[in-house]
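Numbering (the working numbering), first residue to last: 39 to 590.
Ideal Cβ placement from N, Cα and C applies to all residues, glycine included.
Here's the structure we're looking at; comments come further down.
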Amino acid sequence: MRKLAGIIDDQRWRGLIGLGLIGLVQSLSLLFFIVQIRNRIMTQQGQLIQVLLLLAPLVLVLAYGRYLERTVAERVAQSYIHQVRNQVFGHFLRLPTKDALRIGRGSLLMRLTGDLLALRNWLVLGVAPVMVLSIWLAVALITLWVIDPLLVAVLTVLSVLALPVYWLGGRYLYRASSNTRKHRSRLMNYVNQRIASVALIQSMNQTGREERNFHRLSNEMLRWQLKRARGGGLLRASTEFISLILLGLLILVGHYRVLANQLSADQFVLVIVVALYLLPQLRRLGRIYEYWTQYQLARSKLERFLRRATVAAGGKRLKLPTGAPVSVALCVTSGRAAKLELDAPAGARVILSGASGSGKSRLLRALAGIEPMSDLRCMIEAIQLEDLATNERQRRIVLVNEPSLWQTTIRANLTYGMRRGGPEDIDKAISLCGLRALVEGLPKGLDSQLGSRGVNLSSVEELRLMLARALLRRPSLLLIDHPALSNHVEVDELLSGLSDYFPGTIIVTRITDNYPSWATTCWVLPQPIFDSQSETSVGHRTQRHEVNYGQG
């Protein structure tokens, strides 16, 4: 488990100490002003201008202190969020591909947006005010203790009695916030999926159905949002009630002590000033407790995410140059008996054929490490695939399957994952994959944008671009399982030229068992090769022009 970054890490403790000093300076400045006013009342000296001269620097100190409080708190919070954000995304990239593909976009977005916002709110609107408020309260309590210890006793007793109110309110708010987040995540996942499939929805005339589903999910989230709002409102109302009771009791006790000649009139005025000052500060406690509840929930979710096991470090490495061909051996088992054995020498051009549903795509995903399967043993150069170091597997194997292009320029897509090459290598890949006419026909050439606001490629053009990118990666094993493979004539010409140039091993899927001239080995799969109880296939969450790269 990777531990969530600490708030005081990376020298952020300095900022927290600074917040404490800000609160101390503000408190002492206010206390100095109150004492000076009291002395002038007692001695009946001092003109209005002198009071104003005292008030002006106090106002400047308090205002500037509030500015520093917010600025320092924001810098501490943003530094912390930056560290946690990088930690979460880095952890996601290090998850096993199978686990990473199962994480909903809504869940990951919640970690990177909603949870981080809760952390920020707690630091800026919770920790900073608590630190400053604690010092202000300490100074106020010391002042009251000097005046009359009974006043401090009244404050302490009532504060202790208020703790159960905050505890019960906090539990209710935590539950409501947790369910709100759960339904928000569901709604985000639903919207992401429907945006990706809007053409299907419209073509099947299912607009009304999707509107009803969205309305139902939105209603569920609204219900818990209202409960959370009630919880927050109750906390604030409780804080207001407790604050006013505190103020009233201080005034009543002070008045009683004056009548009993145990407190002077000027001291009573000082008590009222301190109480009036404490009132707005205490009102912040309800909001601060709400931020703390949100922070606790966000932190638990982030820690739960970071408990996901990442890819194990270490493993074996192939003692071959970059791009050198590798031999491949596969064994599909059923119980203890071998069910199907396939092998190909280094540099082979393999046709993997079989009827639809025979397991071709699953076989290649397993070979690429995306979908490990208990009933399949893969060997690369006589080394079991699971024994290879993860980065060694990712460096040696590239899977070209469903459309997986970024919504950026053609050049950026081509060079994504490129290993040690220059313009001449890019030009060579463009020529080999038949992209020359496409690139030269675009006004901006390689700098043309792909996607909804740019160039829309055909299925075969996508395959050409993905193959060119794979060549620039210089893998030892190239796996090809793309929808455009059904276009045999055009694709066979493309793969024939690729076969003459690419030194590594190639495995290509197709439904029919025809044997093109460039192929050297043919693997035929019976139907089905995997037991029905074996691991279910990972549902890929890639969209057109979007991809999760794990093997490139």
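Cutoff 6 Å; reference residue i; Cβ partners in own chain excluding five residues on either side
i: L509; result: A467
i: L163; result: Y329
i: V585; result: With a pLDDT of only 31 at V585, under the threshold of 50, the placement of this residue in the model should not be trusted; the figure read from the coordinates follows. These residues qualify, in order along the chain: S442.
i: L423; result: C416
i: I421; result: K354
i: P521; result: S497
i: T559; result: A382, A386, V388
i: A313; result: L285, L288
i: G479; result: none
For residue i: DSSP bridge partner residues
i: T348; result: In DSSP, T348 forms no bridge with anything.
i: K354; result: L426
i: R548; result: S391
i: T543; result: L515
i: L66; result: DSSP output for L66 lists no bridge partner at all.
Distance between beta carbons of residue j and residue i, contact taken as under 8 Å
i: I180; j: L106; result: Not really, about 23 Å apart at Cβ, beyond 8 Å.
i: R387; j: A506; result: 18 Å between Cβ atoms; not a contact.
i: L390; j: I545; result: 6 Å
i: G53; j: V114; result: 4 Å
i: V370; j: L515; result: So it is not a contact: roughly 18 Å between Cβ atoms.
Residue i versus residue j: straight-line alpha-carbon distance, rounded
i: E419; j: I45; result: 47 Å
i: P541; j: P513; result: 9 Å
i: L68; j: V192; result: 23 Å
i: N646; j: F130; result: This structure does not reach residue 646, given that the chain is present from 39 up to 590, and the question cannot be answered.
i: I141; j: T245; result: 27 Å
i: M456; j: G103; result: 52 Å
i: S241; j: E249; result: 15 Å
i: A404; j: L368; result: 10 Å
i: Y210; j: G269; result: 6 Å
i: I448; j: L437; result: 19 Å
i: R434; j: F343; result: 29 Å
i: A362; j: V493; result: 35 Å
i: V307; j: R266; result: 41 Å
i: I408; j: P134; result: 8 Å
i: M226; j: Q125; result: 22 Å
i: A427; j: K357; result: 13 Å
i: L402; j: L517; result: 7 Å
i: A237; j: T543; result: 38 Å
i: D538; j: S223; result: 49 Å
i: L301; j: L290; result: 12 Å
i: G286; j: L297; result: 17 Å
i: Q445; j: G489; result: 5 Å
i: G56; j: V110; result: 8 Å
i: A178; j: L199; result: 20 Å
i: R132; j: V349; result: 6 Å
Neighbourhood of residue i by C-beta, 7 Å cutoff - its chain only, sequence neighbours within 5 removed
i: E112; result: V162
i: H578; result: Since pLDDT at H578 reaches only 38, below the 50 mark, its modelled position is unreliable, and the value read off the structure follows with that caveat. Around H578: L139, E440.
i: L147; result: M226
i: L533; result: V546, W556
i: G472; result: R502, L532
DSSP state of residue i mapped onto helix, strand, coil
i: W561; result: strand
i: E379; result: strand
i: L368; result: strand
i: M411; result: coil
i: Q487; result: strand
i: M504; result: helix
i: M242; result: coil
i: I518; result: strand
i: Y587; result: In this prediction, Y587 has a pLDDT of 29, which is less than 50 and means its spatial position is unreliable; nothing more can be read from the coordinates.
i: T447; result: strand
i: I55; result: helix
i: L495; result: coil
i: M456; result: coil
i: L437; result: strand
i: I418; result: strand
i: W556; result: coil
i: D304; result: helix
i: K482; result: coil
i: G208; result: helix
i: T360; result: coil
i: Q432; result: helix
i: K339; result: helix
i: I45; result: coil
i: P461; result: helix
i: D186; result: coil
Beta-carbon proximity list for residue i, same chain, < 8 Å, skipping 5 on both sides
i: R123; result: L150, L154
i: G395; result: Q565, P566
i: N251; result: Y228
i: L255; result: H221, R224, L225, Y228
Contact test: residue i Cβ vs the ligand SAM heavy atom, cutoff 6 Å
i: L356; result: The ligand SAM is absent from the structure shown, which contains no ligand whatsoever.
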